[in-house]
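For reference, the structure discussed in these notes is given below.
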Amino acid sequence: MEQAMTEIINGLLCTETDKIRAATAALMKAYETPESLLCLVHIVNTNKETQIRHYAAVLLNKRLSKLRQWLTVPAEHKATIKRDMLQALVTEEEKSVRNAVAQFVATLVKHEADKTGSWMPELLNYIFERCSSADPKESERGSSTYATLTAAAPDQFSVHMETICQLFSNVLLAAETQGDLTTPTVTNMITGTSYLLPFIAGNTATEQTVVKVLPLVTKALHAIALKGNADQFLAVFDIFESMVQYVPHLLTNVKLMLEFCLMTASNRQIEDGIRVSVIAFLGSLVHIKKKAIVKQKLLEPTLSVIFEIMCTEADPDDDEDYFVDESSNRPMTAVMQTMDLLAIHMPPEKLIAPLLQLLEPALQNPDPKRRSAAYHCMAMIAEGCSETISHKYLKVMLTIIKGGIADNAPEVRVAAFFALGQFSEYLQPEISKYAPLILPVLFDYLHQLVVELRGGQPEPKSVNRMFYAMDTFCENLGEDIVPHLPILLERLFELLDPKNSAKIREYALCSVSSASEAAKEHVAPYFPRIFEILKTFLLKDVPDEMEPLRLQAIDTLASITRVVGKEHFLPLANDTKNYCLMMLDEGPNDPDFRRGIYSLIGALSYVVNESMAEVFPQVIPRLIQTVISTEEVELCLPDKPERDLILEAASADEEIDLENTDDEDEDELDGYQVENDYLVEKEVAIGTLRDFAANTGAAFTPYLQSAFENVYKTLDHASNDIRTTSVTALCEFVAALNKSGDTGGVTRACEILIPKFSAMMRNDEVEEVLVHLLDEVGQLFRINKQLAMPNQECAEMIYGCIRDSFLHKMTCQFNDQSGGGEDDDDEEESENADMILENAANLVASFGFALDPQTFSLYFGRLFHFLTQKLAKAKKNDQAEHRAYIYGTLADSFQSLESCSATYFDTVCPLFLAGANDTDAKSRQNSYYALGELVMHSEEKSFDSYPTILQTLSDAIARETAPSALDNICGAVARLILTNIQAVPLAAVLPVFLSHLPLREDFEEYDAVLKTFQMLYTQANPSIVDHIEQMVYVILQALQQKHITDQDIITNAIEFVKLIRAHHPDKFNNVANSNPEMCQFVQTL
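Residue numbering for the sequence shown follows our numbering, beginning at 2 and increasing consecutively.
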């Protein structure tokens, strides 16, 4: 039989398909005989041809890879197979064959794990003897087997961890003694041990051994890096990655690891692939050991090395967008991303101060690479340090960036535009105040670009970064862009000349989109001209080179559709719907193109609302198909010869024994990667369903359940963006159920969502996802109120999430244990960590909307001390933003507490009285607002404190200069009058109160002001007669300027001024005729 099996293997190894198929059929026939497996074992041990022995071992592993197959082997055959395979490990000289045998042995180890009389001791003895051998060949043989077995069956070694780790230590010590830490034995031992790290947590002796040997591991890694074999290095470097993931508490010697990383990363003689991996690891180390890095003063050298790499790696002749191309295997890309992570995870002041010491001389350096690096650094800290830059450094940094845009060196201009784009994206709304500084520079550049292109000059290298900067700046300006629209759009129309390249026109269309999103309905006068340009691209078929331009035209039309106003777009709605339907059916089978069509269809819902019903039968199934599709997960198969594929197909035909299956398929997702275009398509499809739920009313009701069920399935998606988009969409679906009157549906949906959202908040590893969830859950409660809290268990879940967010116990709030000490709570946090605390605090107030006042009071009492502790810390550390949001959270809670607010009056009133004297304007503003809300909801409990509160507000209004803070003083006074008019000395208060009206910025306070006017007037208070004209002026101006947006308040305001006109026509007319604009406005009432 052995001769026949050898011939079968030779047939499988040949290159002719027919022979392979015949050999495969013969193999399947041979497997019907139990002795066939023993025959293969014998071939592995005796055949003289390496290729034959190797393939025999592969066939054994393939045939017996499933537990159900091993269970069918007779017991005496099993014993023979195990004995002879162990013998093969001992005697086999060829590495490839030995590895194949080891993989098969690992399979058998898993199958035999639960059996008594396990042969694991024999295997361990084999490994220990050879790894400890002075013979390099023997030690390599043993270590190779160790690495193969631990990779395939790591859990089977967990009970032997102590002795294995001691062996690991001994091997490294011996290698150091011999002066070579780069041997295959060392490499194999480090690689193998990395697979076991998930199993050592809690085993004190093992953990101590690993900690002791870490310096040697680090030394070995550095030596391997210097040898320059990237594959070898990456295999062993996994041990550090595994430690970060599974046993981060063992990384006690942060200084040692950081120095290794910095030394390796900065050595340009080392291969780029190695340096990139080390630089990326730096980001992980910074995340989990940020406190230790700060305390041990390691941040400055880290910044210095990263900055130096930026200075030396940038290539001005390379047009690659290394600062956004995350797939690039270049040190420059890696350091940019690591700088971003430093900004996200480090306290901003600890980062910015030493960084500025590097940037200042670099900006003055004659070397353009150093100037360029300085702007790249500024760009990459924009997200993580946004609050600090906005409040302390924005003006000076923008001035520096403006200078960079005018730099003579093209690479510096590119970097400066990139920095401006990043600032525009992350420093809103503060950066918009600097439009007069920034827009002229951008417009001048646009004009220069037009002139150069007309003159036949090539497109400048910085053009894409310039458009990125302009787009992000403009789209966040809001209506402040309106005065600049004429010149901006004229420049863009010039660039849309067909003589210009498709790429330039694509950039220009994108800018039209950004400007339109900012200007909203103010873009209407330009819409006809824009649409005429768009029509030339919105065709069924275009040349390949024009496809990106067509897609951008679709995106631009979608943006304008959302904002231009129904009356302007309705005439085009049907044609647009028909185009979308045609392109869905007949357009390119491309995820990015479908994404654009989905976006345009979603935008149409803003215009035609319930009339979308006619396209839903064709559109919604496509959207659902995209939502549930797994096309964004692409199978990555290694190149396999046809014989392997034929064999796998043959194996797949075997009958499955359901009673003897195991977890053999648990790793089926290995070898998959996420495909980006499909991800974005899925995200937009979910967003389009959200648009339908928000805009189409009853038309979408029949599809709500299907949309809910399918989007819910994406909450565990690997992509952060998909998870957050799905959360938003599901909350919108609940709001749609509420609008439709299906209160039972709201409660049933929330019975599903609240536990799921709570679990996500606890377990998601990404800070941004937790921040988003805290915000969205708050909105869910504010919109749906008590319907959103179906039972007490859900309330406990939300309370627990808020509490544990304050206590830093959520998964993404990784606690760096290396910091230690009693003062940790007083240390600065990163801005992302601060955002979690702020949104958790905001959720406290939103939580109350979903509960009755008495129940909310119980939870508020349990959370109150966390808020006061945070407030005390914010005062101690002079954290103005923290004080502001805590005062705001407390203030917002009184509405839901209602009369229960009185319970907390004596404790919180002194906090707000002190807050009225805060050095921070936002904190003062929220304190004034809180005093008014506290009094209004505490009622009688507050009456004794009226003199103190009024005196505080009187002192404040005399010195306050911040517009919003002044508005909130007026709002607080109004609430005091509304709550107890008798306790307010109106003769003294009213003149001052009215002299500070109309409101300046916080127009929501008009609700309280109007109610106060109505109360004073209807009660015929004598104090009001002399102030009627002032009251009329305040209300008419608020209406004329559209500062009141709530329709109910507008209606009340109009009714009130009509009442005054009827009773005091002379006073009313004095105001109405005070200027032509007012007179004309009054005629419209």
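Glycine included, each C-beta is placed from N, C-alpha and C at the ideal position. If you're wondering where the values come from, they're calculated on a predicted model, not measured in any experiment.
Taking Ser159 as the centre and dropping the five residues before and after it, the same chain places the C-beta of Phe200 closer than 7 Å to its C-beta, in chain order. By the 16-neighbour rule on beta-carbons within 10 angstroms, Arg530 is exposed.
Taking a C-beta distance under 7 Å as the contact criterion, Met471 and Leu438 do not qualify as a contact pair. Nearest Cα to Ala966 within the set Leu995, Glu1006 and Val985: Glu1006. Scanning Gln1042, Thr980, Glu587 and Leu738 for the CA closest to the CA of Thr1013 turns up Thr980. In the structure shown, the three-state DSSP call for Leu359 is helix.
If you draw a straight line from the Cα of Ile271 to the Cα of Gly229, it is about 6 Å long. Here the C-alpha atom of Ser145 lies approximately 9 Å from the C-alpha atom of Arg99. The C-beta distance from Arg64 to Leu38 rounds to 7 Å, short enough to meet the 8 Å contact threshold.
No Cβ-Cβ contact shorter than 7 Å links Tyr888 with Asn840. Assignment of Pro1023 by DSSP, reduced to helix, strand and coil, places it in the helix class. Between Ser943 and Leu935 the beta-carbon gap is near 7 Å, inside 8 Å, which marks them as a contact. By the Cβ criterion, the segment 240–248 is not in contact with the segment 303–317, since fewer than three pairs of Cβ atoms, one from each stretch, lie closer than 8 Å. Excluding sequence positions up to five before and after Met836, its CB lies within less than 6 Å of the CB of Val772, all in the same chain and listed in chain order. Straight-line measurement puts the Cα of Ile44 at about 19 Å from the Cα of Ala107. Burial state of Gln449 is exposed, judged by a 10 Å Cβ sphere holding fewer than 16 other Cβ atoms.
In the DSSP assignment, Thr1085 falls outside any alpha helix (DSSP H), carrying neither H nor E. Ranked by Cα distance from Phe234, the first of Thr205, Val255, Asp273 and Glu208 is Asp273. By the Cβ criterion, the segment 1044–1051 is not in contact with the segment 1017–1034, since fewer than three pairs of Cβ atoms, one from each stretch, lie closer than 8 Å. Annotation: the continuous alpha helix (DSSP H) that includes Met6 extends over Glu3 to Leu14.
Residue range Ala922 to Ser939 is occupied by the alpha helix (DSSP H) that includes Gln926.
Cβ contact annotation for Ser170 (same chain, cutoff 6 Å, sequence separation greater than five): Thr210 and Val214, in chain order.
If the five residues before and after Ile723 are omitted, its C-beta is found closer than 8 Å to the C-beta atoms of Leu680, Lys683, Glu684, Ile687 and Thr715, all from its own chain and listed in chain order.
Scanning its chain for C-beta atoms nearer than 6 Å, with the 5 sequence neighbours on each side dropped, one finds around Asp593 the residues Asp678, in chain order. Proximity to Tyr427 across Arg455, Glu632 and Glu476 peaks at Glu476, based on C-alpha coordinates. Non-local C-beta neighbours of Tyr860 in its own chain, meaning closer than 6 Å and more than five positions away in sequence, comprise Tyr800, ordered along the chain. Of the candidates Cys971, Ala281 and Ile1061, the residue whose Cα lies closest to the Cα of Thr953 is Cys971. Contact between Val778 and Phe758 holds, since their C-beta atoms are separated by about 6 Å, short of 8 Å. Within the same chain, Val1035, Gln1038 and Ala1039 come within 7 Å of Pro999 by CB-CB distance, once the 5 residues on both sides are set aside. In the displayed model, Lys67 falls within coil according to three-state DSSP, outside both helix and strand. Between Pro75 and Glu141, the C-beta gap is not smaller than 7 Å, which leaves the two residues out of contact. Here Arg455 is exposed: its Cβ has fewer than 16 other Cβ atoms, across all protein chains shown, within 10 Å. The residues Ala1009, Val1010 and Thr1013, in chain order, have a CB closer than 6 Å to that of Ala975 in the same chain once the five nearest residues on each side in sequence are set aside.
In chain order, Leu788 and Pro791 place their CB closer than 7 Å to the CB of Thr748, counting only its own chain and leaving out the 5 sequence neighbours on each side. Counting every other CB atom within 10 Å of its CB across the protein chains shown gives Gln983 a total below 16, marking it as exposed.
In the three-state reduction of the DSSP assignment, Met811 falls in the coil class.
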